Structure formats: C-alpha cells, structure tokens
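Below is one structure, written out as structure tokens; the observations come after it.
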Amino acid sequence: MPGSSPILLPSFDLTNLKKVQKLPAGIDDHPVIVPAAVLDEASNLRLEIREEALLHKWEEHLNSFSATPFFAPSWLECFRTRNRTPIYLRFLSGGKTIGLIAGLRNEPSNPLLKKFVKILFFYSGPVVVDADRDLTRFCLEKLISYAGENEYTHIKLESWDFPCAMNLEGLPFKPCIRSEYILDMRPDLAELEKKMKNRMRDVRAAEKHGLTFHEGNSPEILDDLLALLEATKSIRLSKNYQTYSYFYISYLDKDTLVKLFKSRIVRAFYLKKQDEILSVALDAVHNKRAYGLFIGTNQMGYQLKANAFIHFKLIQKFKNEGIEFYNLGGVPSDPSSKGLVFFKTSFGAREQVCAGGRTHHLQSRFFNYLTDAYSRFPDLKIKKIIKKKLVGRNYA
19 MPGSSPILLP SFDLTNLKKV QKLPAGIDDH PVIVPAAVLD EASNLRLEIR EEALLHKWEE
79 HLNSFSATPF FAPSWLECFR TRNRTPIYLR FLSGGKTIGL IAGLRNEPSN PLLKKFVKIL
139 FFYSGPVVVD ADRDLTRFCL EKLISYAGEN EYTHIKLESW DFPCAMNLEG LPFKPCIRSE
199 YILDMRPDLA ELEKKMKNRM RDVRAAEKHG LTFHEGNSPE ILDDLLALLE ATKSIRLSKN
259 YQTYSYFYIS YLDKDTLVKL FKSRIVRAFY LKKQDEILSV ALDAVHNKRA YGLFIGTNQM
319 GYQLKANAFI HFKLIQKFKN EGIEFYNLGG VPSDPSSKGL VFFKTSFGAR EQVCAGGRTH
379 HLQSRFFNYL TDAYSRFPDL KIKKIIKKKL VGRNYA
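Residue numbers (this note's numbering): 19 to 414.
What follows is the structure in structure tokens.
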C-alpha cells in the first residue's frame, strides 16, 4: 500500500544507540562498527565520501549491500560517452563503508557551459547500512557538499528500484514521488504460485495454445522487442492510454540497449507459437535482484494470454536462479493505469513508494532564476537543441 514500509529493506532501529552497533560485514571482512555518537545527530556524523576507481573493488562493495542493478558497472559503463562518465562513490565512517551511490557525471565539453550545467545523475538514491532513513539523509547532505565543492551545478536522483522514503525536508531538493510494484521472491515457489492463483487460468490457456518460453542470446532479439513494443503502444493508444515513449529511462536508446544486452546485465526472454515470436521481455538482473524494463506483445499475444504467461515463467525462472526481489516496474500516472496496477498486483507484487529528486542550481542563485525561466520555456525544437548541446541526447 502507498506509504507502507518498503519490503525490500528492513528499517534500522536507532532507538538503542547508547550501545555500539554491530552492522553487517563490509568489504574489509570486519564488522562495520558505528558508535552511538556517530549516529546521534547529523552535526556529529563523521562522514567521508570517496570515489572508487577500481571496478572490481566496487563490485565487492555491492555484494555487501542490497544494491540495485543500476549501481553495477555493467549497467553504468554502457552509458559512457565523451560528455558522460560513470562515477562510483562510497560513504565512509571510521574508515568503514556504510553507504554507496553510483551514477553518471554529465558535463558539456565547453568550459563556459559547465557553469550552467554540470550534473551528478543517479538512477536511484544511496543504499546504506540497513536502509536507515537518517543515515540516508546524512549521506545526501554529504553528497550535496561534495557536489558543491567539485563545482557541480545539480544533483538528480531518479527512483528506479528505490523503495525508500527519503527525508528531504530542509535540503535543496525538489522531490519526485512515484510507485513501483515489487514481488518478494523469498517464499518458496508453491507460496508464490498461491499469490498468482487469479492468473493461473490465463497461464493454462497459454500453455494449451502452444506458447513456449525461451531466453534470447542474440542481439537480434532486440529488433523483435522494439517491433513488439511498437505493437503494444498501438494497442494501448487504441484503448485511450496517453501517448508515451518506451525509452522512458534517462539516456537509454537502442544503441545503449545493445551494449547492455552484450554486457549481460540485461537479459531477453520471449514466447513463441510455433515459429512466431509473440512477446519479448527485457529484464535487468544483478546479484539477487531483477528489474522488469520492457515487455512488448502483439495482438495475437494478447489474445493468447502471453503477458500473463511470460510473467509466470519469469517468476519461476528467477526463483530458481536465487533472485530475492523482482521489480515489475511502475505504471503511468494517468487514469488508464488502473488495469496495469491490477495486472501487476495479481502476481503478488506490492506497491512501494519510490522517492527521488533534483536540486536547484548549487553554484549560483542567479543561475537558479535562469533555470526556472528555462524550465517554463515551451518544449520546442530550440529547447531540444540546447539540451543536446549541454549534455547530449536524452538529457534528463
């Protein structure tokens, strides 16, 4: 339900901080010990932020946290361009890593333009020890200081797979709140199938119609995906859905999609009836988490219950692979999303509120006035040209 505690990340009890807290082992293979005085108040929190340059070390840190696929180098390195480079940051206290955040730094090649826009961009907010809300805020405060000291103009936090109620009060963030639908995969398969009982008739119908499930290993499957995404869009628009772009994730395009597929952090699955592909799903999978990026289905696929069947088979497959949380993604904000909400929750997924935000200009109030004026300017061709000149295509 909206506003409920996230199921992914248990809350950290800060009520007994007079004792030294032993937290999960970090990369140093020693318990992360955070004294009470460190966690008492933000003013007393001795946080350090450090950039990690060694990707194998970063991967080791990821294994100590419940980090999303969007923190992985195999995701972020696919977005690298001349003006956009991945950045991996650790939050440390007493020499121990207590939080992580990773994203992209976006800056134009023209030095003069950097005064206007030099952005720290993240697909989700920081992951911290035991998902503690106060510790998340302290990390954000440190991130703002880091950005200011390094002449970044903005921080943008998106909220993909980030079911965390961040406390942004008093911080220079304009919040952005949305919902995603997340399935807890830790129960056994029989229990998961009980949650899907309302979908089993559709699953049996698809099997009866001869649909078969496969994993695609060739990038050519992406061409099928894009064609089916276009077919899905046409079907939805015919049902009075609002128009949309299926490349909804910032900086994502077909070329980047191919890189992600080749890096193996993104995997493709499809349904066939004899030799015809009816539906393709694309999922980001890393460690014990999976995120549903796209599903494209044609008219015949809808008629033969392909969408229900491919979700059922993915849940089975990910469960067998040891995935603990499967995020089925969000829904549009318009009234037409009611059907999608019902569909995703019918597989046992629970709605989780995900929070993100964007700072104002961190270097100058004057530039803030310019930014506000620019944001009100109609989204005409000249504005798109400016965006491309500043930080490249698909500017977020």
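All residues carry an ideal CB built from backbone N, CA and C; glycine is no exception.
On a predicted model such as this, the values are computed, not experimentally measured, just so you know.
Under a Cβ-count criterion, where at least 16 other Cβ atoms within 10 Å of its own Cβ denotes burial, should residue i be classed as buried or exposed?
| i | result |
| --- | --- |
| ASN345 | buried |
| ILE195 | exposed |
| PHE360 | exposed |
| GLU369 | buried |
| SER256 | exposed |
| LEU158 | buried |
| GLY375 | buried |
| LYS114 | buried |
| LYS323 | buried |
| ASN168 | exposed |
| SER127 | exposed |
| LYS36 | Any answer about LYS36 is weak, because its pLDDT of 27 lies below 50 and its placement is not dependable; what the coordinates show is given next. Its Cβ having fewer than 16 others within 10 Å, LYS36 is exposed. |
| MET184 | buried |
| ASN338 | exposed |
| THR250 | buried |
| ASP179 | buried |
| THR154 | buried |
| ALA208 | exposed |
| THR77 | A small fix is needed here, since residue 77 is Glu in this sequence, not Thr. With 16 or more Cβ atoms within 10 Å of its Cβ, GLU77 is classed as buried. |
| ASN316 | buried |
| GLU125 | buried |
Among residues of its own chain, excluding the 5 on either side of residue i, which ones have a beta-carbon nearer than 8 Å to its beta-carbon?
| i | result |
| --- | --- |
| LEU107 | ILE67, ARG68, GLU69, GLU70, LEU118, ILE119, ALA120, LEU161, TYR164 |
| SER197 | PRO20, GLY348, VAL349, GLU369, GLN370, VAL371, CYS372 |
| LYS280 | PRO237 |
Using only alpha-carbon positions, find the residue among the options that is nearest to residue i.
| i | options | result |
| --- | --- | --- |
| ILE173 | ILE105, LEU153, ARG64, ARG204 | ILE105 |
| ASP4 | GLU294, ALA183, ASP293, PHE312 | Outside the displayed range of the chain (19 to 414) lies residue 4, so it cannot be described from this structure. |
| PHE89 | VAL146, PRO353, THR99, PRO126 | VAL146 |
| LEU131 | ALA208, THR171, LEU94, THR115 | THR171 |
| PRO181 | HIS79, THR86, ASN316, GLN317 | THR86 |
| TYR264 | GLU248, GLU225, LYS277 | GLU248 |
| ARG282 | LEU186, HIS304, ASP273, ASP271 | HIS304 |
| ASN258 | LYS226, ASP206, PRO353, LYS272 | PRO353 |
| GLU233 | ARG100, HIS329, ARG285, GLY340 | ARG285 |
| TYR199 | SER382, GLY366, PRO91, THR274 | GLY366 |
| GLY188 | PHE156, ALA224, GLU209 | PHE156 |
| ARG151 | ILE116, GLY166, MET218 | ILE116 |
| HIS329 | THR230, LEU380, PRO129, ARG100 | THR230 |
| ASP271 | ASP241, ILE253, GLU294, PRO91 | ASP241 |
| PHE287 | GLY310, ILE253, TYR266 | GLY310 |
| LEU380 | GLY166, THR274, GLU294 | GLY166 |
If we ignore side chains and look at the alpha-carbon of each, how far apart do residue i and residue j end up?
| i | j | result |
| --- | --- | --- |
| GLN321 | LEU246 | 14 Å |
| SER177 | LEU289 | 30 Å |
| ASN16 | SER364 | Residue 16 is absent from the structure shown; the chain starts at 19 and stops at 414. |
| VAL52 | ILE137 | With a pLDDT of only 37 at VAL52, under the threshold of 50, the placement of this residue in the model should not be trusted, and no figure is reported. |
| GLY314 | LYS331 | 15 Å |
| GLN260 | ILE239 | 27 Å |
| VAL221 | ALA326 | 6 Å |
| PRO144 | GLN292 | 45 Å |
| LEU175 | TYR141 | 6 Å |
| LEU243 | VAL298 | 5 Å |
| TYR269 | PHE134 | 20 Å |
| LYS356 | LYS362 | 10 Å |
| ILE333 | GLY228 | 19 Å |
| ARG80 | GLY112 | At residue 80 the sequence reads Leu, which differs from the Arg that was named. Approximately 19 Å between the Cα atoms of the pair. |
| ARG123 | TRP93 | 14 Å |
| PHE139 | TYR262 | 23 Å |
| GLU225 | GLY340 | 25 Å |
| MET218 | LYS212 | 9 Å |
| ILE253 | ASP148 | 43 Å |
| ILE267 | VAL276 | 15 Å |
| PRO129 | LEU358 | 45 Å |
| SER382 | ARG102 | 23 Å |
What does a CB cutoff of less than 6 Å around residue i pick up in its chain, not counting 5 residues either side in sequence?
| i | result |
| --- | --- |
| PHE336 | ALA308, TYR344 |
| PRO190 | THR377, HIS378 |
| GLY319 | LEU296, SER297 |
| PRO193 | LEU186, GLY375 |
| LEU278 | CYS96, VAL284 |
Excluding sequence positions up to five away, which residues of its chain have a Cβ less than 7 Å from the Cβ of residue i?
| i | result |
| --- | --- |
| ARG98 | PRO104 |
| ARG204 | GLU342 |
| LEU72 | none |
The ligand MN heavy atoms versus the CB of residue i: any closer than 8 Å?
| i | result |
| --- | --- |
| ASP152 | Here there are no bound small molecules, and the ligand MN is not part of this structure. |
Should residue i be flagged as near chain B, meaning a C-beta pair shorter than 9 Å?
| i | result |
| --- | --- |
| LYS362 | Chain labels in this structure do not include chain B; a single protein chain is all it has. |
(request) Report the residue ranges of all beta strand (DSSP E) runs contained in full by the region 325 to 380; include only those spanning at least 3 residues, in chain order. (result) 343 to 348, 368 to 377
(request) Enumerate, from N- to C-terminal direction, the unbroken alpha helix (DSSP H) stretches of 4 or more residues contained entirely within the region 245 to 307. (result) 272 to 281
(request) Give, in chain order, every unbroken run of the beta strand (DSSP E) that is at least 3 residues long and sits entirely within the region 147 to 220. (result) 172 to 175, 191 to 202
(message) What ranges does the beta strand (DSSP E) occupy inside the region 90 to 117, keeping only unbroken runs of at least 3 residues that lie completely in it?
(response) 102 to 111
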